[in-house]
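Working notes, structure below.
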Amino acid sequence: MITAKARAVDGPDKSFRAAEIKRRDLDSHDVLIEIKYAGICHSDIHTAHGEWGPVNYPLVPGHEIAGIVTEVGAEVTKYKVGDRVGVGCMVDSCGECVNCRKGEEQYCLKGNVPTYAGVDKYGEPTQGGYSTHIVVTEDFVVRIPDSIELDAAAPLLCAGITTYSPLNHWGAGPGKKVAVVGMGGLGHMAVKIAAAMGAEVTVLSQTLSKKEDGLQFGADHYYATSDAETFKKLAGTFDLIINTVSAKIDMDAYFSLLTLDGTLVNVGAPAEPLSVNVFSLIGHRRSFAGSMIGGIRETQEMLDFCAEHNIAPKIEVISADQIDEAYKRVLASDVKYRFVIDIDTM
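According to full-length UniProt numbering, the sequence shown is numbered sequentially starting from 1.
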């Protein structure tokens, strides 16, 4: 067994502490990765706080992982020692169901194995990227292009693919009007990616405090949702709305912004249920959809797209001892726009 240093939390109201965790010995198709950077995702916070259901503590979160391959199993063909690689929100799936065979492992019918707070095929709890090392089967590792710095690459493994996948699936591009709800870690990536795809991009944020950033990231328009006139002015405008907010909002108000056959896709995952009036949908044949991350193939496609278009998240690098402070700041919307842990500080 391989011993890794980590930061773990022992309960929903507990602070992070230094810990040691065990990583399995490498099987024939496994890759050992020395983690260099790990992004902090709102999902980490929801899970650590027990907001999405029971958690098997102690927990080591982190599914935005960037690092270097330091050892490979005997039959590994995709990677070699020294490669720059990433690991996202899942580390395995059944590989046999119709969705896995389509390259949509995130929708594995038997359930994919999440990078943390899951159980792997060996019956062991999975622990995430707030640690110095991780062992992952090669099929769930992606290659980080040389032009993307490792610290900036980390958030792409969740925030990047979570926004790229629905934009790609629903055809964001030239001639399409796309709105992004929220200008946080997910939202700022959605703006950058949608703009690079060629769509006309509008940001819908509570206030105009981040307008300058939004326009710099590629948005064509920026509106405050706290202003009731916004919903009147933009009624029936958008082909696609990406809702990145992990909180309860007035869904019917946002549905009114969709054009005929428009779609609102939720990628934010609030802990509480959302209320929907069906008449907000049926009047203009509108759709309300959800989207998770992408499959491994699409995640690699996203990384290559970001490298080609010089897209990277705006990050703030922190030490391992600042995780609790970072969580508080995320909840207070006091980050521009993604915290990334320097794992060398462990």
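All C-beta atoms in this analysis are idealised placements derived from N, C-alpha and C, irrespective of residue type, glycine included.
Just verifying my parser: in three-state terms, what is the DSSP assignment at residue 211? helix
Residue range of the beta strand (DSSP E) that includes residue 221: 221-224
Is the beta carbon of residue 126 sitting closer than 9 Å to the one on residue 27? no
Whole-angstrom distance between residue 48 and residue 12, CA atom to CA atom: 6 Å
I'd like to confirm the pairing. Which residues does DSSP put opposite residue 313 in its beta bridges? None, per the DSSP bridge assignment.
State buried or exposed for residue 155, treating a residue as buried only when at least 16 other CB atoms are found within 10 Å of its CB. buried
Smallest Cα separation from residue 31: which of 52, 9, 46, 84? 84
Please confirm whether residue 307 and residue 165 have their CB atoms less than 9 Å apart. no
Pair every Cβ in the region 117-135 with every Cβ in the region 271-281, then say whether three or more of these pairs are closer than 8 Å. no
Per DSSP, what are the beta-bridge partners of residue 39 in this structure? 340
Element boundaries [beta strand (DSSP E), containing residue 93]: Run containing residue 93: none; DSSP gives neither H nor E here.
Among residues of its own chain, excluding the 5 on either side of residue 187, which ones have a beta-carbon nearer than 6 Å to its beta-carbon? 180, 244
Cutting at 6 Å between CB atoms, please list the residues of its own chain near residue 174, excluding the five before and the five after it. 198
Pick from 117, 132, 80, 203 that is closest to residue 142, judged by C-alpha positions: 80
Which residue comes first and which comes last in the alpha helix (DSSP H) that contains residue 297? 296-308
If you follow the alpha helix (DSSP H) that residue 168 is part of, which residue opens it and which one closes it? 159-169
Exposed or buried, what is residue 209 when buried is set at 16 or more other beta-carbons lying within 10 Å of its beta-carbon? exposed
Pull up the CB-CB distance for residue 63 and residue 129, whole angstroms please, since I reckon it's below 8 Å. 6 Å
Take residue 280 and list the residues in its own chain whose beta-carbon comes closer than 8 Å to its own, dropping the five residues that flank it on each side. 251, 252, 255, 256, 286
Could you pull the start and end residues of the beta strand (DSSP E) that residue 261 belongs to? 258-266
According to DSSP, which residues form a beta bridge with residue 5? 20
Smallest Cα separation from residue 341: which of 74, 82, 7? 7
Count the other CB atoms within 10 Å of the CB of residue 21; is the residue buried (16 or more) or exposed (fewer)? buried
Below 9 Å between beta carbons: does that hold for residue 290 and residue 106? no
Out of curiosity, what's the CA-to-CA distance linking residue 317 and residue 67? 15 Å
Kindly indicate which residue of 192, 43, 326, 94 has the alpha-carbon position closest to the one of residue 313. 192
Over the uninterrupted beta strand (DSSP E) stretch that includes residue 285, give me the two end residues. Counting along the chain, residue 285 falls outside any beta strand (DSSP E), and DSSP gives it neither H nor E.
Where residue 325 sits in the DSSP three-state scheme: helix
Give the DSSP bridge partners of residue 131, in chain order. 6
Determine the extent of the beta strand (DSSP E) in which residue 177 is found, giving its start and end residues. 177-181
So what's residue 114 in DSSP terms, helix, strand or just coil? strand
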